[in-house]
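> The structure's right below; bear with me while I get my questions together.
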Amino acid sequence: MIIDSIKPIELPMINDTHEQPSVLIRLPNRHNPLLQRVLARVNSDEELHALWHAQNVTAVDRLGMSDHGPVHMQIVANIALRLARIATERGIPPSLVANYATLYGFTAHDAEVVVVLAALMHDLGMSIHRADHEQFSLFVAQPIIDRLLDGIYATAPHAIMRSEILHAIISHRAGGKPLTIEAGIVRIADALDMTKGRSRIAFEGGNVNIHSVSAAAIEKVEIAPGEAKAIRIRILMNNSAGVFQVDELMKDKLHGSGLENYVEVEATTAGSSEKNLVQMLRV
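Using my numbering, read the sequence shown as starting at 26 and increasing by one per residue.
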């Protein structure tokens, strides 16, 4: 039997609804037109929002960890932008400007794009797996970076921007060695999303450990221009368990960030009495 032709069967695309992303990223970008353009693309990028959801499923639903979805991305991006602007105001030039301004005309506005996109995509690899997610993030993020920057930068500056963003992403891992101010900022910003709201899912789900308890002990993180150093980070705790977040996590991110000489960290317990976080723990 000879079949002359086979007609293809056309199947409908699964859930092709083009829904508006449920969480829109909001940043103080009024004075940065470049960041405005990029952020508009971020907020309409369906693939990026789907990956944020996937990485949060890995973290929260499958591993019982704290939030790693779009809320975490927005917080880290806002913290990173705050750190970057204070650094610039205090006379610390972004590495993108220091290394490439003469050749490509980059300014602090371009460096803010690097910081924000790296912050928004630093955990994309968790859509695949928690282990080695920083490395996975590189190849997941690259085509998205290219799409978001397309038409904004010519070929050569586009390539530099992409490299700087990817460098900041990989440098946030444990033992990572940032070689740029921007990468160091993203590394520190990731650690500063430590307040009690982020631990709520793991803590209320019964996942009581030093990570969830110490995060529940962090009331507030304040970032401002410093006196002894350019940037001052003040961490307010309701329980001394929060020291773990500062000493084990924040210190590890700060040391080796390249920003040690520019950032001072102060942790204090708010009030005269400590909040009772754990009634009993069985092991």
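Don't be surprised by glycine CBs; every beta carbon is placed ideally from N, CA and C.
Enumerate in chain order the residues of its own chain whose CB-to-CB distance from Ile-169 is below 6 Å, with the five nearest sequence positions on each side excluded.
Here residue 169 is taken as the residue at index 144 of the sequence shown, counted from 1. Only Leu-73 meet the Cβ criterion.
> Please list, in chain order, all residues of the same chain as Arg-212 whose beta carbon is under 7 Å from its beta carbon, the five residues on each side excluded.
By one-based count along the sequence shown, residue 212 stands at place 187. Closer than 7 Å at the Cβ level, and outside the excluded window around Arg-212, lie Ser-196, His-197, Gly-201, Pro-203, Lys-278, Ser-282.
> Would you tell me roughly how many angstroms separate the C-alpha atoms of Gly-176 and Ile-258, rounded to the nearest one?
Residue numbering aside, residue 176 sits at position 151 when the sequence shown is read from its first letter. Residue numbering aside, residue 258 sits at position 233 when the sequence shown is read from its first letter. Roughly 37 Å separates the two Cα atoms.
> Spatial neighbours of Gly-267 within its chain, please: C-beta separation below 6 Å, excluding the five flanking residues on both sides.
Mapped onto the sequence shown, residue 267 falls at position 242. Same-chain partners within the cutoff: Ser-239, Ala-242, Ile-243.
> So if DSSP puts Lys-245 in a beta bridge, which residue, or which two residues, is it bridged to?
As a position in the sequence shown, residue 245 is number 220, starting the count at 1. DSSP output for Lys-245 lists Leu-261 as bridge partner(s).
> Report the residue ranges of all alpha helix (DSSP H) runs contained in full by the segment 157 to 233; include only those spanning at least 4 residues, in chain order.
158 to 174, 180 to 195, 206 to 217, 221 to 229
> According to the neighbour-count rule (16 or more other Cβ atoms, all chains shown, within 10 Å of its Cβ), is Ala-84 buried or exposed?
As a first step, residue 84 is located in the sequence shown; it is residue number 59 there, counting from the start. The residue is buried, with at least 16 neighbouring Cβ atoms inside 10 Å.
> Can you grab the Cα-Cα spacing for the pair Glu-273 / Ala-199, in whole Å?
The residue given as residue 273 occupies position 248 in the sequence shown. The residue given as residue 199 occupies position 174 in the sequence shown. Each residue's Cα considered, the two are about 12 Å apart.
> If we count the other Cβ atoms within 10 Å of its Cβ and call it buried at 16 or more, is Ser-91 buried or exposed?
For the purposes of this step, residue 91 is identified with residue 66 of the sequence shown, where counting begins at 1. That one is buried.
> Where Glu-289 and Asn-81 are concerned, what is the direct C-alpha to C-alpha distance, given to the nearest angstrom?
The residue given as residue 289 occupies position 264 in the sequence shown. The residue given as residue 81 occupies position 56 in the sequence shown. Spanning the two alpha carbons is a distance of roughly 31 Å.
> Assuming the contact rule is C-beta atoms closer than 8 Å, Val-101 and Ala-208 should be a hit. Round their C-beta distance to whole Å, please.
As a position in the sequence shown, residue 101 is number 76, starting the count at 1. As a position in the sequence shown, residue 208 is number 183, starting the count at 1. Wrong, their Cβ atoms sit about 13 Å apart, outside the cutoff.
> Note the first and the last residue of the continuous beta strand (DSSP E) segment covering Thr-293.
If you number the sequence shown from 1, residue 293 lands on position 268. Where Thr-293 is concerned, the enclosing beta strand (DSSP E) stretches over 288 to 294.
> Across which residues does DSSP place Pro-250 in a beta bridge pair?
Position 225 of the sequence shown, counted from the start, is the residue given in the question as residue 250. Ile-256, per the DSSP bridge assignment.
> With 16 other CB atoms within 10 Å as the buried threshold, where does Ala-112 fall?
Looking up residue 112 in the sequence shown gives position 87. By the neighbour-count rule (16 or more Cβ atoms within 10 Å), Ala-112 is buried.
> Under three-state DSSP, which class holds His-78?
In the sequence shown, counting from the first residue as 1, residue 78 sits at position 53. The DSSP-derived three-state label of His-78 is helix.
> Is DSSP giving Met-85 helix, strand or coil here?
The residue labelled residue 85 in the question sits at position 60 within the sequence shown. It is Val, not Met, that sits at residue 85 in the sequence shown. Three-state result, Val-85: helix.
> Measure the C-alpha to C-alpha separation of Lys-245 and Asn-263 and round it to an integer number of angstroms.
One-based indexing of the sequence shown puts residue 245 at position 220. One-based indexing of the sequence shown puts residue 263 at position 238. Rounded to the nearest angstrom, the two C-alpha atoms are 9 Å apart.
> What three-state label does DSSP hand Gly-94 in the structure shown?
Start at 1 with the first residue of the sequence shown, and residue 94 comes out as number 69. Three-state result, Gly-94: coil.
> Counting pairs of beta carbons, one from the segment 133 to 153 and one from the segment 48 to 61, are three or more of them closer than 8 Å?
Three or more beta-carbon pairs separated by less than 8 Å link the segment 133 to 153 to the segment 48 to 61, which places the two stretches in contact.
> Taking just the CA atoms, how far does Phe-161 sit from Arg-187?
The count along the sequence shown starts at 1 and reaches residue 187 at position 162. The count along the sequence shown starts at 1 and reaches residue 161 at position 136. Distance between the alpha carbons of Arg-187 and Phe-161: 16 Å.
> Looking at C-alpha atoms only, which residue of Ala-75, Pro-95, Asn-286 is the closest neighbour of Ala-255?
As a working note, residue 255 is residue 230 in the sequence shown. Out of Ala-75, Pro-95, Asn-286, Asn-286 has the C-alpha closest to the C-alpha of Ala-255.
> Please report the straight-line C-alpha distance between His-134 and Arg-87, rounded to a whole angstrom.
If you number the sequence shown from 1, residue 134 lands on position 109. If you number the sequence shown from 1, residue 87 lands on position 62. Distance between the alpha carbons of His-134 and Arg-87 is about 38 Å.
> Given that a residue counts as buried once 16 or more other Cβ atoms are within 10 Å of its Cβ, and exposed if not, what is Gly-116?
As a working mapping, residue 116 is identified with position 91 in the sequence shown. Gly-116 comes out exposed.
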